[in-house]
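Peer 1:
Residue numbers (my numbering): 302 to 595.
1) Going by DSSP, what residue range makes up the alpha helix (DSSP H) through residue 498?
2) Between 581, 450, 436, which has its C-alpha nearest residue 551's C-alpha?
3) Mind reading off the beta-carbon distance from residue 413 to residue 498? Whole number of angstroms is fine, and I expect it under 8 Å.
4) Where do the ends of the beta strand (DSSP E) carrying residue 553 lie?
5) Per DSSP, residue 365 is paired with what?
6) Sorted by chain position, which residues of the same chain lie with C-beta nearer than 8 Å to residue 445's C-beta, five sequence neighbours on each side aside?
7) Who are residue 584's beta bridge partners in DSSP?
8) Considering only the alpha carbon of each residue, which of 443, 390, 411 lies closest to residue 544?
9) Run the CB neighbour count on residue 584, radius 10 Å, all protein chains shown included, and call it buried at 16 or more, exposed below.
10) Any idea if residue 558 is buried or exposed, counting beta-carbon neighbours within 10 angstroms, 16 or more meaning buried?
11) Helix, strand or coil for residue 575, going by three-state DSSP, please let me know.
12) Would you check if there are 3 or more beta carbon pairs closer than 8 Å linking the region 369-381 to the region 419-435?
13) Please go through the same chain and pick out, in chain order, the residues whose beta-carbon is closer than 6 Å to the beta-carbon of residue 422, but skip the five residues on each side of it.
14) Closest by CA to residue 504, which one among 325, 579, 589, 530?
15) Suppose you measure from the CA of residue 542 to the CA of residue 387; what does that come to, to the nearest Å?
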């Protein structure tokens, strides 16, 4: 699939801002199954400084500074992305989860020890017995790791209610687990907490999902949104496998990967600081359009 993606972010400030420093992570990643032949970011007002680099996880990060009084900031990212369907893998043919866990504790430098960095708690995702206990029914002894991940993916989808009013970006994972309500960010971080609490590596993935309107209705401009899901290390021969607990699927060519990290704090599309903003209003509009519709 080929997609034209437009991601518009607008901050409107109550009082004039004199200086702002921001970091954007909005460029889709280059992956074996995904290419981004074209990408641009427009920033208004024009930054006095702008620099691009790859962060620790290999995500493209753009830092920019704006000086001079302004009451509105617009960041518009446009991308052309090509995504291939993922190769189907038999979950029952993957290694048992305990063997992956044990190999990730290796003191040798290899793919397992590198993945093992993502078995620990991170700024927004704790580990602990309460998460391990929730995960345990999906991870009985000697179960193939991807089979167990798929079952946990299904259980979160069935047990949790999608409710945008129940949480915000700062709601703790523990509270989400208790309420069993939230949005894609919450479900992804709960699932990661569960998997890490069993000693398995899991990372937070940020990107987009092509949404389809109800039958007979026209797709609304700006009605799409950023999406979040999970990636779990399933052994050296399999590598990292994505899972989307919000939709109970293994992502394929309708998911567009932008960035990954330990949790949302590593991959926020736009974050920064301002001087003199007072109250501020944030508006985000996303369009994910198959090229035939673009």
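C-beta atoms are modelled at their ideal positions from N, C-alpha and C, and glycine is treated no differently.
Peer 2: Let me lay it out:
1) 485-498
2) 450
3) Not quite, the Cβ-Cβ distance comes to about 18 Å (not below 8 Å), so this is no contact.
4) It is not in any beta strand (DSSP E) - residue 553 carries neither H nor E in the DSSP assignment.
5) 323, 351
6) 392, 393, 394, 395, 396, 397, 398
7) 311
8) 390
9) exposed
10) buried
11) strand
12) no
13) 428
14) 530
15) 10 Å
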